[in-house]
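Enquirer: To start, I am sharing the structure in question, which I have written as structure tokens.
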Amino acid sequence: CGAIHHVGAVGQGTAMKLAVNTLFGVQVATLAEMIGFLGKYGVNSNKAMACLGQLPVMSLAAKGAGNLMVANNHIPLFPIALVEKDFRYALQTAQAVKAATPTATAIHRIYQDAIAQGYGNDNITGVAQLFG
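Our numbering numbers the first residue of the sequence shown as 4 and each following residue consecutively.
Here it is, written out as structure tokens:
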């Protein structure tokens, strides 16, 4: 939308940006995991995304990422290495204020695993390769 949202004092905008990217990363990793699960259960991934994409639980961003996953399109738009960096910074920032982040911590490990397996330069959707 191009709007500027003032969220507070210096540094709070950065924390907000990290929260947004972490939220997106959690959605993408969870969707990749579920597409992988459904595929192993015999559900066609295109049909799964057609169904999931119509549900109110699916954000538009996750829907777009899911469509890239089922197309096996991992051309870097938001590379996994940068996703992992944002998770790391978000977790460090949260730790500094003693905020609990168990979900983000668990998902961060998935992106670290993706890098360890050579997918760091792939788009965030490349995390699906861990579950395929």
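By construction, the Cβ of each residue, glycine as well, lies at the ideal position given by its N, Cα and C atoms.
Let me know the secondary structure DSSP gives residue 70 once reduced to three states.
Expert: The answer is helix: DSSP assigns residue 70 an H, G or I state.
Enquirer: Can you give me the C-alpha to C-alpha distance between residue 92 and residue 12, rounded to a whole angstrom?
Expert: 18 Å
Enquirer: At 3 residues or longer, what runs of the beta strand (DSSP E) sit wholly inside the stretch 48-103?
Expert: none
Enquirer: In whole angstroms, what is the alpha-carbon distance linking residue 64 and residue 100?
Expert: 29 Å
Enquirer: Give the secondary structure of residue 124 by DSSP, where H, G and I count as helix, E and B as strand, and everything else as coil.
Expert: Coil at residue 124, not helix or strand.
Enquirer: Using alpha carbons as the reference points, say which of 59, 19, 6, 49 lies closest to residue 71.
Expert: 49
Enquirer: Starting from the C-beta of residue 62, find all residues in its chain whose C-beta is less than 7 Å away, skip the five residues before and the five after it, and write them out in chain order.
Expert: 30
Enquirer: Compute the Euclidean distance between the alpha carbons of residue 133 and residue 68, then round it to the nearest angstrom.
Expert: 15 Å
Enquirer: Just checking, does the stretch 22-38 make contact with the stretch 110-122 on the three C-beta pairs under 8 Å criterion?
Expert: yes
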